[in-house]
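Asks: Structure incoming, see below.
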Amino acid sequence: MKEAMHYSALEGGKVRCGLCPHGCTIADGKRGICGVRENRAGRLFSLVYGRYSSAHPDPIEKKPLYHFHPGSTALSFGTLGCNLRCLHCQNWEISQSRDADFGELGELRAADIGEWAGRTGSEGVAWTYNEPTIWHEFALEGSIEARKRGLYTVYVTNGYISEAPLREIGARLDAANVDVKAFTEKFYKEVSGARLQPVLDACKLYRELRVHLELTYLIIPTKNDSAGEMERFCRWVVKELGPDVPVHFSRFHPDYRLGDVGPTPVKKVVEAWEIGRRAGLEYVYGGNVPRGDYDNTLCPGCGSLLIERSGFHAEVTGLRDGRCQNCGTAVPVIGARPGRL
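Numbering (numbering that gives the first Met the number 0), first residue to last: 0 to 340.
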């Protein structure tokens, strides 16, 4: 446990958390929406500092990050809690846990991350599995220590974070994948218990901070899968973030409180991929599509195959020194090594 950052004291022993756009006002003895930041006698504490629920070396493609050190492994950490209440959360056992015994979680020191990464052959560290924003104090220290060891640092996030803490952690991050849940305020309110606009603002700030950015859009049948909504999302990315930002469309499977909604048809993912290309996105990906180039990186100039993927394995086939070997078009892929698997 550690005193939290980004909060202010109020009258009557209350505090206001400033970590995310919820801006929770928290009475003494109570916790914020995330469930892991508690007011104790007028001081706000993080209950998950140095505590993890999951730790695994993962392929970077699993995050997913396709334009960042392809073929590498990231030592990935998660804890408990989340500042969203998504009805479809696939990690709900850890993200929506509200009665957990934090003492039963694994203990971790920021100074030990580099050694652990070395033992697992990892080239970087990823804060993932649940929402890293609510782990801000430890993720910040851990990222600083990781960089001292020459490791890259990654956030896999819902993007629901306030400006000041994002600028703080952003200065210590190399890449982020932001999960944009939908492109309507209605969805965010009814399905995730949040707002869309702060997520869009965070995406723009990641670009301003020069953190490598990729986006994920989980297609949920009847909830966020209309052609119009997906097109508006893609056009917003092109206009506000740039056509070179990779966008991953992925398939929904029934989970948590949306168990009555069927899985996403493959043809809907293909439709989203086509919408993205027509909207002007240069790098669109469709997850779990059995045939075609939907998971591969193609040159936006000539269409040549640059990175071929199978599952979480990647082979760099057509890139050299950041350019297409066939036509010379510059392609923003960080850390690509020809022939690497």
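Note that the Cβ used here is the ideal one computed from N, Cα and C, for glycine as well.
Treat the numbers as computed from the prediction; the structure is a model and nothing was measured.
By DSSP's criteria, K1 is part of a beta bridge. Which residues make up the other side?
Replies: The partner list for K1 (beta bridge, DSSP) reads S45.
Asks: For the segment 199-286, list the alpha helix (DSSP H) runs that are entirely contained and at least 4 residues long, ordered along the chain.
Replies: Fully enclosed alpha helix (DSSP H) runs of 4 or longer: 226-235, 265-278.
Asks: Give a yes or no on contact between the segment 155-162 and the segment 122-130, applying the rule of three or more CB pairs nearer than 8 Å.
Replies: Touching, per the Cβ criterion.
Asks: Within 10 angstroms of its Cβ, does H312 collect 16 or more other Cβ (buried), or is it exposed?
Replies: So H312 ends up on the exposed side.
Asks: In angstroms with no decimal places, state the Cα-to-Cα distance between L340 and G70.
Replies: With a pLDDT of 44 at L340, under the threshold of 50, the modelled position of that residue is not reliable, and the figure given next carries that caveat. Their backbone Cα atoms lie some 5 Å apart in a straight line.
Asks: Are C33 and C81 touching if we call contact CB-CB under 9 Å?
Replies: The answer is yes: Cβ separation under 9 Å.
Asks: Once DSSP output is grouped into helix, strand and coil, what is the label at Y159?
Replies: DSSP places Y159 in coil when its eight states are reduced to three.
Asks: Hey, quick one: how far does the alpha helix (DSSP H) through L139 stretch, first residue to last?
Replies: Start and end: 135-147.
Asks: Got a sec? Which residues, its chain only, sit under 8 Å from T316 by beta carbon, not counting five neighbours each side?
Replies: If we look at T316 and ignore the five residues flanking it on each side, its Cβ neighbours are L304, L305, I306, E307, P337, G338.
Asks: Out of G310, R256, S94, Y284, point me to the one whose CA is closest to V269's CA.
Replies: Answer by Cα proximity: Y284.
Asks: Let me confirm a value: C88 is counted as buried when at least 16 other C-beta atoms fall within 10 Å, else exposed. Which label applies?
Replies: Label assigned to C88: buried.
Asks: Roughly how many angstroms separate the alpha carbons of C202 and V177, rounded to a whole number?
Replies: Their Cα atoms are separated by approximately 7 Å.
Asks: Taking P56 and T78 to be in contact with their CB atoms under 8 Å, please state how far apart those CB atoms are, rounded to whole angstroms.
Replies: The pair is not a contact, with the Cβ atoms about 17 Å apart (cut-off 8 Å).
Asks: Quick one: is K222 buried, meaning 16 or more other Cβ sit within 10 Å of its Cβ, or exposed?
Replies: Burial call: buried.
Asks: Can you pull the DSSP bridge partners for L304?
Replies: According to DSSP, L304 bridges with L297.
Asks: Can you give the beta carbon distance from R250 to G286, rounded, assuming they're within the 8 Å contact cut?
Replies: So it is a contact: roughly 6 Å between Cβ atoms.
Asks: Identify the continuous alpha helix (DSSP H) that holds G117 and give its terminal residues.
Replies: Unbroken alpha helix (DSSP H) run through G117: 112-118.
Asks: What residue range is occupied by the uninterrupted beta strand (DSSP E) comprising E37?
Replies: Taken as a continuous stretch (DSSP letters only), the beta strand (DSSP E) holding E37 covers 36-39.
Asks: Whole-angstrom Cβ separation of S45 and E136, contact assumed at under 8 Å?
Replies: S45 to E136, Cβ: 5 Å. Contact.
Asks: How far does the beta strand (DSSP E) with E314 in it reach, from first residue to last?
Replies: Looking at the DSSP string, the run of the beta strand (DSSP E) that includes E314 is 312-315.
Asks: Cα separation between I274 and F248?
Replies: Using only the alpha carbons, I get a separation of about 11 Å.
Asks: How would you write the range of the alpha helix (DSSP H) that S94 sits in, first residue to last?
Replies: Residues 91-94.
Asks: Just the Cα atoms here: how many angstroms apart are I93 and C85?
Replies: Answer to the nearest angstrom: the Cα atoms are 13 Å apart.
Asks: Does E144 come within less than 9 Å of chain B when only Cβ atoms are used?
Replies: In summary, chain B is missing from the structure at hand, where a single protein chain is found.
Asks: Look at E213 and V244 and say whether their C-beta atoms are less than 9 Å apart.
Replies: Yes.
Asks: Would the segment 139-151 and the segment 175-192 be scored as touching if the rule is three or more Cβ pairs under 8 Å?
Replies: Touching, no.
Asks: Given that a residue counts as buried once 16 or more other Cβ atoms are within 10 Å of its Cβ, and exposed if not, what is D98?
Replies: Classification for D98: exposed.
Asks: So is A138 buried or exposed if we call it buried at 16+ other beta carbons inside 10 Å?
Replies: Label assigned to A138: buried.
Asks: For S75, report the span of its beta strand (DSSP E) as first-last.
Replies: Where S75 is concerned, the enclosing beta strand (DSSP E) stretches over 72-77.
Asks: Determine the DSSP secondary structure at P164, reduced to helix, strand or coil.
Replies: P164 falls in the helix class under three-state DSSP.
Asks: With DSSP as the reference, label G291 as helix, strand or coil.
Replies: Reduced to three states, the DSSP call for G291 is coil.
Asks: How should Q196 be labelled, buried or exposed, when 16 other C-beta atoms within 10 angstroms of its C-beta is the threshold for buried?
Replies: By the neighbour-count rule (16 or more Cβ atoms within 10 Å), Q196 is not buried but exposed.
Asks: With a Cβ-Cβ cutoff of 9 Å, do S161 and P20 count as a contact?
Replies: It is a contact, given that the beta carbons lie within the stated cut-off.
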